[in-house]
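A.B. asks:
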Amino acid sequence: MLYISKKHMEEVISLNIMMDSIEKAFKIYESKNFQMPDRMHVDRKEGTILYMPCFTDTVSGTKIVSTFPENIKDGIASIQGTMILNKSKTGEPLAMMDGAALTAYRTGAVGGVGIRHTTREDCESVGLIGTGVQGFYQLLYACAARPIKRIYIYDLSKERVNFFKERLEEKLKNVEIKIVQSPEDLVVNSEIIITATPAQSPVLPDDKELLKGKHVIAIGSYKLEMREIPKSLYELLDELYIDTEFAAEESGDVIVPVREGWIRSEQVKVFGKLLGDKENINKNKGTSLYKSVGMALFDLVVAEAIYDEAIKKCIGQKLGE
Numbered sequence: 009m010l011y012i013s014k015k016h017m018e019e020v021i022s023l024n025i026m027m028d029s030i031e032k033a034f035k036i037y038e039s040k041n042f043q044m045p046d047r048m049h050v051d052r053k054e055g056t057i058l059y060m061p062c063f064t065d066t067v068s069g070t071k072i073v074s075t076f077p078e079n080i081k082d083g084i085a086s087i088q089g090t091m092i093l094n095k096s097k098t099g100e101p102l103a104m105m106d107g108a109a110l111t112a113y114r115t116g117a118v119g120g121v122g123i124r125h126t127t128r129e130d131c132e133s134v135g136l137i138g139t140g141v142q143g144f145y146q147l148l149y150a151c152a153a154r155p156i157k158r159i160y161i162y163d164l165s166k167e168r169v170n171f172f173k174e175r176l177e178e179k180l181k182n183v184e185i186k187i188v189q190s191p192e193d194l195v196v197n198s199e200i201i202i203t204a205t206p207a208q209s210p211v212l213p214d215d216k217e218l219l220k221g222k223h224v225i226a227i228g229s230y231k232l233e234m235r236e237i238p239k240s241l242y243e244l245l246d247e248l249y250i251d252t253e254f255a256a257e258e259s260g261d262v263i264v265p266v267r268e269g270w271i272r273s274e275q276v277k278v279f280g281k282l283l284g285d286k287e288n289i290n291k292n293k294g295t296s297l298y299k300s301v302g303m304a305l306f307d308l309v310v311a312e313a314i315y316d317e318a319i320k321k322c323i324g325q326k327l328g329e
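Note that the sequence shown covers residues 9 to 329 in my numbering.
1. To the nearest angstrom, how far is it from the Cα of G228 to the Cα of Y162?
2. How would you call P155, buried or exposed, if buried means at least 16 neighbouring beta carbons within 10 angstroms?
3. Between which two residues does the alpha helix (DSSP H) containing D193 stretch?
4. In angstroms, rounded to a whole number, what distance separates the CA positions of D65 and K35?
5. Report the residue from Y230, I202 and Y242 whose alpha carbon sits nearest the alpha carbon of E217.
6. Tell me where the alpha helix (DSSP H) around E174 begins and ends.
7. Given E38, which residues of its chain have a CB within under 7 Å of its CB, disregarding the five upstream and five downstream residues?
8. What's the call for P45, buried or exposed, on a 16-neighbour Cβ count within 10 Å?
9. Are at least three pairs of beta-carbons, each pair with one atom in the stretch 195-212 and one in the stretch 130-141, less than 8 Å apart?
10. Please report the straight-line C-alpha distance between V183 and I159, rounded to a whole angstrom.
11. Taking M104 as the reference, give the member of A311, V266 and I123 with the closest Cα.
12. What's the gap between the Cα of E167 and the Cα of V309?
13. Less than 7 Å between C-beta atoms, sequence neighbours within five positions excluded: which residues of the same chain meet that for P101?
14. Which residues does DSSP list as the beta-bridge partners of F34?
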C-alpha cells in the first residue's frame, strides 16, 4: 500500500492530465458503468464531515473530508481529509492519499474542464472571488486551460488576499495579478469569473449590464442555504451547466433560481451529456454559468490517475514494509 502526500502529488501531477481525468469521469458518469451511493453528510455546528464511496471497473475508494470554515481563524486548514484507493476486483488497498490535496486538485480540474468547454479560447483575464484553498487551485487550472495574462482577486479579508497574492505570484510568474476593491471592479475587468466562497447570499453584483458576456465558474456553494450567483445572471443564460444531477438537488444556486422562475428546469443541462458534442456547449460563447458541486466519481478517477503516475515515477511512501 502506498501513501501519497500532498508533496508527492505535486511531484507527479500534470494539470492537463488531471483535466483529462475529469473528462474521463464525465464519460463514465454518462455510461452509468459505476456505483456511487449518495454521499453522507454528518453536520455539526462547527462543520461537516462527508463520506464519499465509489466503485468503477478498475478501482474503488472512499474519500472522507471535513469542512470546518471557522478553522481559518486559528490558522488551521478549513478542509481536511483522506482518500483510500482499492482494487475493484479484490478489494486490496492500493493507496492512502491526502484527501484535502486531492479535493483541491480535482475541484480545480473540474473548474478547468468547465473553462475548456464553456469559454472562448482567447480569454486572457480571470477574476476570483474567495481566496481560500479552492480559489488558488481554480486559478492554476484556469491558466492551464486558457492563455491567461491578467488575474483579478477579491476577498473580504485584506490580510488573506495579500497573502494569497504573494503565494500565487510564486506559481504564476508571467501573469499580472491585481487585488481589486469590489466585486464590481472584478467583474468589469474579467472575462472569466470564478466564485469560490461559502457565501449564503450572492457575491456577484446583481447587474445585467455588468454580467453580460461573462463566463462564470461557480464552485463554492453545495447546500440549499448557500448561494453565490445573483438573479440577473440567470436571466442572461440560454443554459445553465451543472456537473451532476446532484447539483439540482443540493445547491441553492440551482434550486432557488428554478423555484423562483429565473431559469426554467429544461435549461439546466448536465455537462457530461453535452461533452461529446462540443459544438452544443455554449455554442455562441455568450454569457455562461457552470455550477459544480462535485461527486465521488471525480475523486476516484483522479485518485487512480495520481496513483498510476506515482507508480510509474516510483514516488510515494510504501506502508507496511
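Backbone N, C-alpha and C fix where the C-beta goes; we use that ideal spot for every residue, glycine too. In this text the structure is predicted, and so the values were computed from the model without any measurement.
C.D. replies: In short:
1. Taking the straight line from one Cα to the other gives about 15 Å.
2. So P155 ends up on the exposed side.
3. Boundaries of the alpha helix (DSSP H) harbouring D193: P191 to N197, taken from the DSSP string.
4. Just so you know, the alpha carbons of D65 and K35 end up roughly 14 Å apart.
5. In terms of Cα proximity to E217, the closest of Y230, I202 and Y242 is Y242.
6. Taken as a continuous stretch (DSSP letters only), the alpha helix (DSSP H) holding E174 covers K166 to K179.
7. If we look at E38 and ignore the five residues flanking it on each side, its Cβ neighbours are G280 and K281.
8. Exposed.
9. A contact exists between the stretch 195-212 and the stretch 130-141.
10. Computed Cα separation, rounded: 7 Å.
11. Comparing alpha carbon positions, the residue from A311, V266 and I123 closest to M104 is A311.
12. Each residue's alpha carbon lies about 36 Å from the other.
13. Excluding sequence neighbours, P101 sits near M9, I92 and N94.
14. Residue pairing by DSSP leaves F34 without any beta bridge partner.
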